[in-house]
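These notes concern the structure reproduced below.
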Amino acid sequence: MTQRAGDAIAAEGVWSRAAASFAASEAAAELRQLSRPLVCAAVASTQDELRSLAREGAPSGTVIIAERQTQGRGRIGRSWQDSERPGASLAVSLLLDVPVRGAPLVPHAVGLGVLEAIDPLRETARLEQLGLKWPNDVVVVERSSSTPRKLAGTLVEREQVGGRDVLLVGLGLNVDRRDEEQPDDRTCLARTVGRDVDPALLLAHLLPALDAALDRLSTPVTLLDAYRERCVTIGRRIIIERPGAPTLVGVATGIDAHGRLEITTKDGTVPVLTGTVRDASPERGPERGGEELRS
Ligand code: BTN
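Okay, so the sequence shown: first residue is 173 according to this note's numbering, each after it adds one.
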């Protein structure tokens, strides 16, 4: 069941209250691409909920947040686990008409928007580096380890709904997860910024930042320059698993004008549109050059 955020004050729930507070703010009135968020109770996936809204004619810019998501989906067929504790995870989906320009860069724009929302919440004394693991995982590289820990992930699904070509853009953000709730390669916002994060403050940063990031699709060159600056994958020796194509091992050397990751292997440089990146094991050594594995 969905309800307008502005009507949600009576509803119990961390995200209902946060959304109502945001809906009443000046920042909400200034959104250009996105609408004030709708909040639903427990759902399997906000992506499915948003698809139903799109079928009912919801406009581009519709935003839906779940108090609790029980069967979240991740990229490339993976699942996405939210915490059962209220407010510990944020599951949000955005409905967008496929933009005339820059559709392939939506994941990059959204990743950048999340980073730019979180940047001002950080204590400057904290040395962790916040960045983007290609294509759009928001990660933290902590001082104690060179392996990035994932803070947020984005799933972009393109579909025909009621004769419209739309994008369902889902964002999952770990807000306040306990270590035992998630694998070692994950982190959460509270740990990253060094204190509890007020959900209303988070939405007050996140929604305007996503709105501004979507505006940037009209200037892809500057969008990609900003993305490259924050992409922690560049320069790393990686393994990239590609759906329906051989796995590649090589050095990530750049991001091309279409947002594809460029991998330099011993056979040359290959642009990759879709895939899952892992760090290559150090014993392979950077000097060996790349190789193509058959998956
Ligand atoms: C990934 O890193 O693999 C992407 C994770 C995306 C999770 C979000 S949570 C909100 C939305 N609803 C879903 O079912 N998935 C996305």
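All residues carry an ideal CB built from backbone N, CA and C; glycine is no exception.
Compute the distance between the beta-carbons of Gly283 and Leu304, then report whether it is under 9 Å.
Here residue 283 refers to the residue found at position 111 when the sequence shown is read from its first residue. Here residue 304 refers to the residue found at position 132 when the sequence shown is read from its first residue. Yes. Within cutoff.
Return the CA-CA distance between Arg227 and Asp337, expressed in angstroms with no decimal places.
Residue mapping note: residue 227 aligns to position 55 of the sequence shown, counting from 1. Residue mapping note: residue 337 aligns to position 165 of the sequence shown, counting from 1. Cα to Cα, the separation comes out at about 11 Å.
Using C-beta distances below 6 Å, list every residue in its chain close to Thr359, excluding the 5 sequence neighbours before and after it, in chain order.
Numbered from 1 along the sequence shown, position 187 holds the residue referred to as residue 359. Same-chain partners within the cutoff: Val312, Arg321 and Leu323.
Apply the 10 Å Cβ neighbour rule to Arg466 and answer buried if 16 or more other Cβ atoms are within range, or exposed otherwise.
By 1-based counting over the sequence shown, the position of residue 466 is 294. With a pLDDT of 27 at Arg466, under the threshold of 50, the predicted position of this residue should be treated as unreliable, though the coordinate-derived value follows. Exposed, since its Cβ has fewer than 16 Cβ neighbours within 10 Å.
Roughly how many angstroms lie between the CA atoms of Glu413 and Glu239, to the nearest whole one?
Looking up residue 413 in the sequence shown gives position 241. Looking up residue 239 in the sequence shown gives position 67. For Glu413 and Glu239, the distance between alpha carbons rounds to 33 Å.
Leu203 by DSSP, collapsed to three states: which one?
For the purposes of this step, residue 203 is taken as residue 31 along the sequence shown, with counting starting at 1. Looking at Leu203 - three-state DSSP - the assignment turns out to be coil, as it is neither helix nor strand.
Is Val365 helix, strand or coil when you go by DSSP?
Here residue 365 is taken as the residue at index 193 of the sequence shown, counted from 1. Residue state, collapsed to three classes: helix.
Check whether the Cβ of Ala290 sits closer than 8 Å to any heavy atom of the ligand BTN, and report yes or no.
Here residue 290 refers to the residue found at position 118 when the sequence shown is read from its first residue. The residue asked about is misnamed: residue 290 is Ile in this sequence, not Ala. No, Cβ of Ile290 sits at least 8 Å from all heavy atoms of the ligand BTN.
Can Asp383 and Leu206 be called in contact, C-beta distance under 9 Å?
For the purposes of this step, residue 383 is taken as residue 211 along the sequence shown, with counting starting at 1. For the purposes of this step, residue 206 is taken as residue 34 along the sequence shown, with counting starting at 1. Yes. Within cutoff.
If you measure between the beta carbons of Leu203 and Gly233, is that distance less than 9 Å?
Looking up residue 203 in the sequence shown gives position 31. Looking up residue 233 in the sequence shown gives position 61. Yes, Cβ-Cβ distance for Leu203 and Gly233 is below 9 Å.
Cβ neighbour criterion (16 or more within 10 Å) applied to Val272
On the sequence shown, position 100 is the one that residue 272 refers to. It is exposed - the Cβ of Val272 has fewer than 16 other Cβ atoms within 10 Å.
Assign Gly325 to buried or exposed, taking buried as 16 or more other Cβ atoms, counted over all protein chains shown, within 10 Å of its Cβ.
In the sequence shown, counting from the first residue as 1, residue 325 sits at position 153. By the neighbour-count rule (16 or more Cβ atoms within 10 Å), Gly325 is buried.
By alpha-carbon positions, which one of Arg349, Val333, Ala376 and Leu373 ends up nearest to Thr364?
What you label residue 364 is simply residue 192 of the sequence shown in a count that begins at 1. Comparing Cα positions, the closest option is Arg349.
Taking 8 Å as the cut-off, is the CB of Ile248 close to at least one heavy atom of the ligand BTN?
Residue 248 sits at position 76 when you count from the first residue of the sequence shown. Correct: Ile248 has its Cβ closer than 8 Å to the ligand BTN.
How many whole angstroms separate the CB atoms of Arg223 and Leu340, which I take to be in contact at a CB cut-off of 8 Å?
On the sequence shown, residue 223 is found 51 positions in, with the first residue counted as 1. On the sequence shown, residue 340 is found 168 positions in, with the first residue counted as 1. With 8 Å as the limit, Arg223 and Leu340 qualify as a contact, their Cβ atoms being about 6 Å apart.
Beta-carbon proximity check, Leu345 vs Leu361, cutoff 9 Å
For the purposes of this step, residue 345 is identified with residue 173 of the sequence shown, where counting begins at 1. For the purposes of this step, residue 361 is identified with residue 189 of the sequence shown, where counting begins at 1. It is a contact, given that the beta carbons lie within the stated cut-off.
Return the CA-CA distance between Gly335 and Leu225, expressed in angstroms with no decimal places.
The residue you call residue 335 lines up with position 163 of the sequence shown. The residue you call residue 225 lines up with position 53 of the sequence shown. C-alpha separation (whole angstroms): 14 Å.
Quick one: what does DSSP say Glu455 is sitting in, helix, strand or coil?
Along the sequence shown, read from residue 1 onward, the residue named residue 455 stands at position 283. No answer about Glu455 holds up, because its pLDDT of 41 lies below 50 and its placement is not dependable.
Hey, would you say the C-beta of Leu327 is under 8 Å away from at least one heavy atom of the ligand BTN?
Walking along the sequence shown from the start, residue 327 turns up at place 155. Yes, Cβ of Leu327 sits closer than 8 Å to a heavy atom of the ligand BTN.
For a test of the three-state rule: what should DSSP assign to Gln253, helix, strand or coil?
By 1-based counting over the sequence shown, the position of residue 253 is 81. Coil.
Which class does Asp383 belong to by DSSP, given the choice of helix, strand or coil?
Position 211 of the sequence shown holds residue 383. Three-state result, Asp383: helix.
Taking a contact to mean a Cβ-Cβ separation below 9 Å, would you say Cys403 touches Trp306 in this structure?
Counted from its first residue, the sequence shown places residue 403 at position 231. Counted from its first residue, the sequence shown places residue 306 at position 134. Contact flag set, yes.
Indicate whether Gly244 and Gly342 have their beta-carbon atoms separated by less than 9 Å.
Stepping through the sequence shown from its first residue, residue 244 is reached at position 72. Stepping through the sequence shown from its first residue, residue 342 is reached at position 170. Yes.
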